[in-house]
Amino acid sequence: MSVAQGTGVIELHELQSILQERSHRKAVQRAVEVIAHLVPSCSVTLMTINSRGRLRIEAWANIAASIIRSAERSFNQEGLPKNLADIVHTKKPVIIDDLSSYADWREPVLPTASWGGFPILLHGRVIAIVNVQTIEKHITPDVVTAIEPVASTIALLILRYEEARELAVRHQQMNVLYEMAVTGAQATNEQELQARLDHVLELIGRVLGYGHAVVLLYDPQREMLVLMASRGREIERVGLEMDVHGHKGVTVHAFLSSKPVLVRDTRRCAEFVEGLWPARSELAMPLLSGGHCVGVLDLESPKVAAFTRSDIRLLTPFASGLALLIDNQQKTKQLREQATHDGLTGFFNRRMMDEMVPMELKRAARYHRDMSLVMVDLDDFKAVNDNLGHEEGDRLLQVFAGCIRKITRSSDPVFRYGGDEFLLLLPETTREQAELFLKRLADFACPELITTLGRVTFSAGIASCVSDSCAEDLVKLADDRLYQSKRLGKGHVTSH
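Take 1 as the starting number for the sequence shown in UniProt numbering and just add one per residue.
Below is the structure:
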């Protein structure tokens with residue numbers, strides 16, 4: 001194959017030899033060297049552009065490496081110059097036959113210099129550009145004709161490499177999604193879920209290349225986003241909460257809108273709130289399952305414009321997998337709580353009482369420790385249901401349960417015994433201490449316990465491990481003493 005005078009000749013075997021190179025890097029380097037031999041006194045570079053707009057010069061000929069790295073830094077810091085941006089926009093070759101008349105050229109121009117850029121496309125996007133700059137000869141149509149076969153060969157090389165790389169990445173992504181599914185099946189409690197989420201974030205970060213990422217779960221009872229897992233920095237603030245109503249922020253916005261929120265420069269974003277580390281760009285992905293948002297995957301970077309719309313497309317299947325993992329664990333937890341807890345008050349149910357109380361009593365007897373059982377019942381509760389309705393009765397039970405919860409310790413199990421009766425199991429508590437506990441409960445200011453029938457009071461019966469050691473059934477004894485109290489009138493406590 002020959003071209004116009006002054007331009008070299010390229011033979012078919014040279015193109016074949018490029019394609020036969022064993023490594024991608026050697027092949028593209030050989031290709032730019034072939035172009036450099038075709039056009040007298042020219043320099044050639046091959047630059048790739050990733051989906052985030054980051055540019056890297058992969059191969060070059062007749063130009064110093066120091067100039068290459070300097071140009072690479074300049075392009076990535078200041079953005080693409082107009083000649084390269086035009087190629088990305090039009091997806092067509094751009095020829096500047098006289099650089100001295102081109103006002104937007106960044107570097108000093110040598111006499112008679114000209115430049116040509118040849119795009120390489122993948123899936124309709126410019127992924128690389130072959131740049132040719134001459135000194136002694138302008139780039140004419142004949143020169144373009146000579147360069148185009150080699151540029152096409154480079155395009156084949158890059159396409160082959162990119163397709164193989166995409167296949168490998170997809171394989172890795174499928175492995176991560178599979179591990180996420182397995183992880184979700186293994187997480188049976190909150191601690192295991194946190195460990196699994198940490199593991200999944202590590203996988204996503206390693207495969208997709210994200211440095212800083214956190215997962216926040218939504219707690220519907222408190223209406224809070226709670227930090228559960230992180231990658232990239234050691235975080236001692238697991239459990240950090242964000243109020244979804246009173247707290248602004250990119251993460252909260254993504255949760256409330258159920259849509260991804262992309263911030264290219266946090267300094268220009270009024271919603272951005274400084275988080276766990278300095279960030280210049282942020283991407284928040286809502287975790288959606290069954291039409292509702294169960295949390296947020298939040299990514300941050302110290303670099304401006306680190307994320308693009310393509311990151312949203314890339315992360316969508318992983319966000320769906322995380323949402324499914326979280327939703328499954330929460331549903332498992334909900335089913336477990338429904339089997340062990342009373343739905344109205346949130347206390348343990350009668351089934352759990354039958355399991356836990358004998359076990360705790362045996363432990364107290366074995367180690368000769370104090371323990372008190374307190375049976376509590378609301379006074380004249382039937383009158384509330386009859387006169388004010390069952391809805392008001394349910395509300396009062398929930399309010400009273402909240403009062404008990406504020407007075408008891410985390411180590412004090414509470415059971416809904418039935419109707420308006422509650423059993424409190426108080427470890428390390430003598431009869432006298434149990435009486436003081438009930439006095440605090442009676443004195444606890446709770447205006448919600450006042451109805452049109454008056455203030456709702458309670459009666460109680462106490463049975464203690466040490467004081468009543470001769471009793472065969474302390475639960476029954478506490479219940480019997482409760483009814484003794486009720487026969488005495490409202491607000492009584494019987495302990496012996």
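Glycine included, every Cβ here is placed at the ideal spot set by N, Cα and C.
Short Cβ contact (8 Å threshold) for residue i with residue j
i	j	result
G205	A195	no
L225	T266	no
D412	L425	yes
I423	L373	The question names Ile, but residue 423 is Leu in the sequence shown. Yes, Cβ-Cβ distance for L423 and L373 is below 8 Å.
V399	A460	no
A304	A284	The sequence as given places Val at residue 304; Ala does not occur at that position. The answer is no: Cβ separation not under 8 Å.
L84	E72	no
V357	D327	no
T90	I68	no
L159	L314	no
F118	I147	yes
R363	E428	no
V88	A59	no
L211	S70	Correcting the residue identity first, residue 211 is Gly in this sequence and not Leu. In this structure, S70 does not lie closer than 8 Å to G211 by Cβ.
V384	T340	no
G489	A401	no
Per-residue burial, residue i [other beta carbons within 10 Å of its own, 16 or more giving buried]
i	result
A365	exposed
residue 497	Since the first and last residues shown for the chain are 1 and 496, residue 497 lies out of range.
Q484	exposed
M359	exposed
T494	buried
residue 500	Since the first residue shown for the chain is 1 and the last is 496, residue 500 is missing from the structure and cannot be characterised.
D473	exposed
A164	exposed
R487	exposed
D342	buried
L121	exposed
D379	buried
S100	exposed
A27	buried
E282	buried
I35	buried
A306	buried
G116	buried
H253	buried
Y367	exposed
R455	exposed
G6	Below a pLDDT of 50, predicted positions are generally treated as unreliable, and G6, at 43, falls in that range; the measurement from the model is reported next regardless. Classification for G6: exposed.
G321	buried
S464	buried
T145	exposed
S23	exposed
R125	exposed
R416	buried
For residue i, the nearest candidate out of the options (CA to CA)
i	options	result
C403	S372, F437, F381	F437
V215	A442, E223, F318	F318
D298	R222, F458, F255	F255
P286	T316, T308, C446, Q20	T316
S257	H24, S114, A65, H292	H292
M47	D219, V130, L201	V130
R280	E428, V39, L441, V263	V263
L477	G491, K490, H496, G489	H496
A229	G346, L201, S467, S410	L201
residue 548	E274, V39, T408	Not covered by the structure: residue 548. The range shown for the chain is 1 to 496.
L482	C446, D420, V466	D420
G491	E274, L441, W60	L441
Q371	L157, V475, Y210, N175	Per the sequence shown, residue 371 should be read as Met rather than Gln. The shortest Cα separation from M371 among L157, V475, Y210, N175 belongs to V475.
Q221	A151, E241, G454	E241
L453	H253, V414, K382	K382
L80	W60, S70, S66, G53	G53
S43	H245, K82, A113	A113
R431	K439, P149, Y161, V466	V466
A270	G249, I63, G290	G249
A151	Y417, H123, K92, E78	K92
H199	E223, Y218, D219, G232	G232
V132	D219, H37, N387	H37
L217	D480, T153, L288, L167	L288
Q20	I154, I63, S51, S74	I154
Complete runs of the alpha helix (DSSP H) confined to the UniProt domain "GGDEF" (369-496) [at least 4 residues]: 381-388, 390-407, 431-443, 474-488
What are the complete beta strand (DSSP E) segments, minimum 3 residues, inside the region 203-243? 212-219, 224-231, 241-243
Contact between the region 381-394 and the region 322-341 is defined here as three or more beta-carbon pairs at a separation below 8 Å; is this criterion met? no
Only counting runs of 4 or more residues, tell me where the alpha helix (DSSP H) segments fall wholly within the region 32-114, in order along the chain. 65-78, 82-90
Decide yes or no for the touch test of the region 100-107 against the region 122-139: beta carbon pairs closer than 8 Å, at least 3 of them. no
Stretch-stretch touch, CB-based, cutoff 8 Å, three pairs: the region 303-316 with the region 337-356: no
Pick out the complete alpha helix (DSSP H) segments inside the region 245-332, 4 residues or longer, and give them in chain order. 250-257
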